[in-house]
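The structure appears right after this line, and notes come after that.
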Amino acid sequence: MIDNNLLQSAREIRKKYLSIMSDLSLYEKEVKRLSDFLLEKAKVFKDINEKDLNEKGSKEQLLIITQKIVNEIQEIENEENKITERVNVLNEGLVKLQKEEEFLYQTIKKRYPDLSDENMKSEVAIAIKDLVWR
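Each step along the sequence shown adds one to the number in the working numbering, with nothing skipped, and position 43 is 79.
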């Protein structure tokens with residue numbers, strides 16, 4: 037009953053959604069890598085604390101220790117920024133898809149005012165059933 041062009045739009049939205057979910061799965065691995073990276077940096081900070089701070093040293097030694105800490109913090113910040121940028125792109129994609137989905141829903145409702153939401157969902161589900169997340 038729903039026009040083929042509208043069902044094709046639903047398919048395109050579904051394809052984009054599945055693509056974003058696939059990317060999200062990849063980023064999950066990057067977040068795990070970031071977690072391991074942070075644990076490694078925690079060990080570095082502990083080593084700095086145990087080795088360097090326990091030694092009584094000159095101002096030069098204190099500056100060296102401070103620079104080590106600053107360098108480690110900058111590395112952490114750089115890694116966090118990479119992940120944040122990627123996640124923001126995914127979020128923007130999801131927001132855009134949500135708007136497309138809402139527009140499609142409103143278009144179908146205007147064109148088929150007597151069609152119930154359940155019947156609409158059923159027809160769309162049939163049209164996109166072959167598109168699954170792998």
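Each residue gets a CB set at the ideal place from its N, CA and C atoms; glycine is no exception.
Cβ neighbour criterion (16 or more within 10 Å) applied to residue i
i	result
ILE162	exposed
ARG50	buried
Residue interval of the alpha helix (DSSP H) (run including residue i)
i	result
MET57	40-83
LYS118	95-147
VAL160	153-164
Chain-order list of residues whose beta-carbon lies under 7 Å from that of residue i (same chain, five-residue window excluded)
i	result
VAL106	none
TYR53	LEU133
Under 8 Å between C-beta atoms of residue i and residue j
i	j	result
ILE164	MET156	no
PHE73	GLU121	no
LEU60	LEU126	yes
GLU66	ILE119	yes
Distance between beta carbons of residue j and residue i, contact taken as under 8 Å
i	j	result
VAL160	ALA46	5 Å
ILE56	GLY129	5 Å
Cutoff 6 Å; reference residue i; Cβ partners in own chain excluding five residues on either side
i	result
LYS77	GLU108, ILE112
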